[in-house]
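A.B. asks: First, the structure itself, so that you have it in front of you.
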Amino acid sequence: MFSFFKKKPQEPTPPASAPATSAPEQEPPVIATAVATPASALASTSAEIVAAETPAAQKQSWMTRLKVGLSKTSSNLTTLFVGAKIGDELYEELESALLMSDAGVDATQFLLDELRRKVKSEKLTEAAQVKSALRSLLLDMLTPLQKPLVLGQHQPLVMMITGVNGAGKTTTIGKLAKHLQAHGQSVLLAAGDTFRAAAREQLTVWGQRNNVTVIAQESGDPAAVAFDAVHSAQARGTNVVMVDTAGRLPTQLHLMEELKKIKRVTAKGMASAPHEILLVIDGNTGQNALTQVKAFDDALGLTGLVVTKLDGTAKGGVLAAIARARPIPVYFIGVGEQIEDLQPFNAQEFVEALLG
Ligand SMILES: Nc1nc2c(ncn2[C@@H]2O[C@H](COP(=O)(O)OP(=O)(O)OP(=O)(O)O)[C@@H](O)[C@H]2O)c(=O)[nH]1
């Protein structure tokens, strides 16, 4: 079990029968049913979850995968300090390494300026000291992104999951659902990708296998699916609703409008929803990830990010770019396809993987 979430006391449960709305009211077919944990068993919990420690062996393998995933950047960033003298040449090499890590011009310039200042003010004379100063600057930069997803403030907690095609949305939903169940939360999924039958089936089959209710429609309006899912969760007393959405590029304006509509219609089903709007980013997309964050945030007002595939050829520096340009919390990062490969973002661990 992983230390994943924080839990807060709940709001009073709103009446389940209050659809203040002109949105569709027809209940779509429920393709897979069976909620694992009765919500009533959870309703009175108000303590913050202090989850069990991650077993050391699993933690080790997680860190190993993160380090392997970021090894190119880490090797570029660390070798330049070996036997180096403090001076322009070192700063230039560092600039190239940071740019190559996808940190982008702004974050790179900021780090270099701060580093020069630190070297001067702290009278650093050894390259190893400069490396350690860089480590602490990076940590300061990334720590504001480290925020837990808070459970138990809303009944149900409604989360919309967005992102470009293939970023890892559905996989992330599956992993999150398992972790939420492990924390005693009942989960309901809404198959909001109504374009691709395969995406709907993927979610449905996954739901059946894992005892998670999936609300799906053969075709039609993803906003209607989200709306029905919220009502269904209210009626069943389900704790968390996750709305999957079809992949889309921020340049596909009509599809971005569709996301806004899903958000609007969800709010008709429950005034405070969606409580979380997450963007899933493929860690290998480099600086383009920042473009995605800005565009989805402008359109929807993101509340959190999930960065996947950091086990691949990801360079990792884009988190620094995000921290500078659009510091939206990174709730989770993914280093593989297994359930335990999704972990809360921890700035300390991330910097350790980057700089050793
Ligand atoms: N290596 C690796 N692969 C991942 C990770 N997360 C997801 N994947 C893989 O990425 C591929 C795409 O994942 P999906 O979850 O289908 O992505 P999606 O965003 O739902 O895709 P669309 O529905 O097409 O928009 C799948 O093969 C996943 O197994 C990760 O952290 N590491």
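In the UniProt record's numbering, the protein residues as written are 1 to 356. Even for Gly, the Cβ is constructed at its ideal location relative to N, Cα and C.
1. So, for Pro-222: in the same chain, excluding its five sequence neighbours on each side, which residues have a beta-carbon less than 6 angstroms away from its beta-carbon?
2. Does the beta carbon of Lys-72 fall short of 7 angstroms from some heavy atom of ligand 1?
3. Do Leu-310 and Gly-69 have their beta-carbon atoms positioned less than 8 angstroms apart in this structure?
4. Ala-191 lies in the beta strand (DSSP E); which residues open and close that run?
5. How big is the Cα-Cα spacing for Met-270 and Gln-217?
6. Just the C-alpha distance for Ala-197 and Gly-220, rounded to the nearest angstrom, thanks.
7. Could you say if the stretch 205 to 212 and the stretch 170 to 190 meet the contact criterion of at least three C-beta pairs nearer than 8 angstroms?
8. Would Gln-348 pass as a contact of Phe-332 if the rule is Cβ separation under 8 angstroms?
9. Pick helix, strand or coil for Val-130, following the three-state DSSP scheme.
10. If you check the beta carbons only, do Thr-73 and Gly-316 fall under 8 angstroms apart?
11. Quick check: does the Cβ of Lys-67 come within less than 7 angstroms of any heavy atom belonging to ligand 1?
12. If I measure Cβ to Cβ from Asn-165 and keep anything under 6 angstroms in the same chain, skipping five residues before and after, which residues do I get?
13. So the beta strand (DSSP E) residue 377 belongs to, where does it begin and stop?
14. Check for me: the alpha helix (DSSP H) holding Asp-88 runs from which residue to which?
15. Mind checking whether the beta-carbon of Glu-337 lies closer than 7 angstroms to any heavy atom of ligand 1?
16. Go through its chain and collect everything with a Cβ distance to Val-50's Cβ below 6 angstroms, but skip five positions before and after it.
17. With burial defined as no fewer than 16 other Cβ atoms inside 10 Å of the residue's Cβ, what is the status of His-183: buried or exposed?
18. Of all the alpha helix (DSSP H) runs that stay within the bounds of the stretch 191 to 220, which reach a length of 4 or more residues?
19. Indicate the three-state DSSP secondary structure (helix, strand or coil) for Gln-348 in the structure shown.
20. Is Asp-221 a contact residue of ligand 1, with contact defined as CB to any heavy atom under 7 angstroms?
21. Cβ of Val-241 within 8 angstroms of Cβ of Ala-224?
22. Is Ala-353 close to ligand 1? I mean its beta-carbon at under 7 angstroms from any heavy atom of the ligand.
23. Using CA coordinates, which residue listed in Gln-208, Ser-136, Leu-124, Pro-274 is at the minimum distance from Val-351?
24. Who are the Cβ neighbours of Leu-157 in its own chain at under 6 angstroms, not counting the five residues just before and after it?
25. Which one or two residues does DSSP pair with Ile-333 in a beta bridge?
26. Does the beta-carbon distance from Lys-268 to Phe-227 come in below 8 angstroms?
27. Compute every distance between the C-beta of Asn-288 and the non-hydrogen atoms of ligand 1, then say whether any falls below 7 angstroms.
28. Taking 6 angstroms as the limit between beta carbons, can you name the residues of its chain near Ile-328, skipping five residues before and five after?
29. Quick one: what does DSSP say Pro-38 is sitting in, helix, strand or coil?
30. What are the start and end residues of the alpha helix (DSSP H) that includes Leu-115?
31. Would you list the one or two residues that DSSP bridges to Thr-245?
32. Between the Cα of Val-105 and the Cα atoms of Leu-319, Thr-251, Glu-340, Trp-206, which residue gives the shortest distance?
33. Skipping 5 residues on each side, what residues in its chain have a beta carbon closer than 7 angstroms to that of Asp-244?
34. Can you give me the C-alpha to C-alpha distance between Lys-178 and Leu-145, rounded to a whole angstrom?
C.D. replies: For this structure:
1. Here residue 222 refers to the residue found at position 222 when the sequence shown is read from its first residue. These residues qualify, in order along the chain: Gly-192, Thr-194, Ile-262.
2. Along the sequence shown, read from residue 1 onward, the residue named residue 72 stands at position 72. Checking every heavy atom of ligand 1 against the Cβ of Lys-72, none is found closer than 7 angstroms.
3. Counting from one through the sequence shown, the residue named residue 69 turns up at place 69. Counting from one through the sequence shown, the residue named residue 310 turns up at place 310. Yes. Within cutoff.
4. On the sequence shown, position 191 is the one that residue 191 refers to. Per DSSP, Ala-191 belongs to the beta strand (DSSP E) from 187 to 192.
5. For the purposes of this step, residue 270 is identified with residue 270 of the sequence shown, where counting begins at 1. For the purposes of this step, residue 217 is identified with residue 217 of the sequence shown, where counting begins at 1. Answer to the nearest angstrom: the Cα atoms are 20 angstroms apart.
6. The count along the sequence shown starts at 1 and reaches residue 197 at position 197. The count along the sequence shown starts at 1 and reaches residue 220 at position 220. Cα to Cα, the separation comes out at about 11 angstroms.
7. yes
8. By one-based count along the sequence shown, residue 348 stands at place 348. By one-based count along the sequence shown, residue 332 stands at place 332. The answer is no: Cβ separation not under 8 angstroms.
9. Taking the sequence shown and counting its residues from 1, the one referred to as residue 130 is at position 130. The answer is helix: DSSP assigns Val-130 an H, G or I state.
10. Position 73 of the sequence shown, counted from the first residue, corresponds to residue 73. Position 316 of the sequence shown, counted from the first residue, corresponds to residue 316. In contact: Thr-73 and Gly-316 (Cβ atoms closer than 8 angstroms).
11. The sequence position of residue 67 within the sequence shown is 67, counting from 1. Lys-67 Cβ: outside cutoff for every heavy atom of ligand 1.
12. Within the sequence shown, numbered from 1, the residue matching residue 165 stands at position 165. Contacts found: Gly-247.
13. Because residue 377 is not part of the residues shown, which for the chain are 1 to 356, the question remains open.
14. As a working mapping, residue 88 is identified with position 88 in the sequence shown. Unbroken alpha helix (DSSP H) run through Asp-88: 88 to 100.
15. Here residue 337 corresponds to residue number 337 of the sequence shown, with the count starting at 1. Yes, since a heavy atom of ligand 1 falls inside the 7 angstroms radius drawn around the Cβ of Glu-337.
16. Looking up residue 50 in the sequence shown gives position 50. Legend: pLDDT at Val-50 = 32, less than 50; position of this residue unreliable, value from coordinates given subsequently. Excluding sequence neighbours, Val-50 sits near nothing in its chain.
17. Start at 1 with the first residue of the sequence shown, and residue 183 comes out as number 183. Label assigned to His-183: buried.
18. 197 to 209
19. Reading the sequence shown from its first residue, position 348 is the one you call residue 348. Helix.
20. Numbered from its first residue, the sequence shown carries residue 221 at position 221. No, Cβ of Asp-221 sits at least 7 angstroms from all heavy atoms of ligand 1.
21. For the purposes of this step, residue 241 is taken as the residue at position 241 of the sequence shown. For the purposes of this step, residue 224 is taken as the residue at position 224 of the sequence shown. Not in contact: Val-241 and Ala-224 (Cβ atoms no closer than 8 angstroms).
22. Here residue 353 corresponds to residue number 353 of the sequence shown, with the count starting at 1. Not so, every heavy atom of ligand 1 lies at least 7 angstroms from the Cβ.
23. Translated into the one-based positions of the sequence shown, residue 351 becomes position 351. When only C-alpha atoms are compared, the closest one is Ser-136.
24. Numbered from its first residue, the sequence shown carries residue 157 at position 157. Taken in chain order, the residues that qualify are Val-240, His-275.
25. Stepping through the sequence shown from its first residue, residue 333 is reached at position 333. Val-307, Gln-343.
26. Here residue 268 refers to the residue found at position 268 when the sequence shown is read from its first residue. Here residue 227 refers to the residue found at position 227 when the sequence shown is read from its first residue. A contact, by the Cβ cut-off of 8 angstroms.
27. Taking the first residue of the sequence shown as 1, we reach residue 288 at position 288. No, since every heavy atom of ligand 1 falls outside the 7 angstroms radius drawn around the Cβ of Asn-288.
28. In the sequence shown, the residue the question calls residue 328 occupies position 328. Closer than 6 angstroms at the Cβ level, and outside the excluded window around Ile-328, lie Leu-302, Leu-305.
29. Within the sequence shown, residue 38 is the residue found at index 38, counting from 1. Model confidence at Pro-38 stands at a pLDDT of 35, short of 50, so the residue's coordinates are unreliable and nothing is read from them.
30. Sequence index remark: in the sequence shown, residue 115 carries index 115 (1-based). Looking at the DSSP string, the run of the alpha helix (DSSP H) that includes Leu-115 is 104 to 121.
31. Here residue 245 is taken as the residue at index 245 of the sequence shown, counted from 1. In DSSP, Thr-245 forms a bridge with Gly-192.
32. Counted from its first residue, the sequence shown places residue 105 at position 105. Of the listed residues, the one whose Cα sits closest to Val-105 is Leu-319.
33. One-based indexing of the sequence shown puts residue 244 at position 244. Once the five neighbours on either side are set aside, the close Cβ partners of Asp-244 are Ile-161, Lys-169, Thr-170, Ile-173, Leu-189, Ala-190, Ala-191, Gly-192, Asp-193, Leu-203.
34. By 1-based counting over the sequence shown, the position of residue 178 is 178. By 1-based counting over the sequence shown, the position of residue 145 is 145. When rounded, the distance between both Cα atoms is 24 angstroms.
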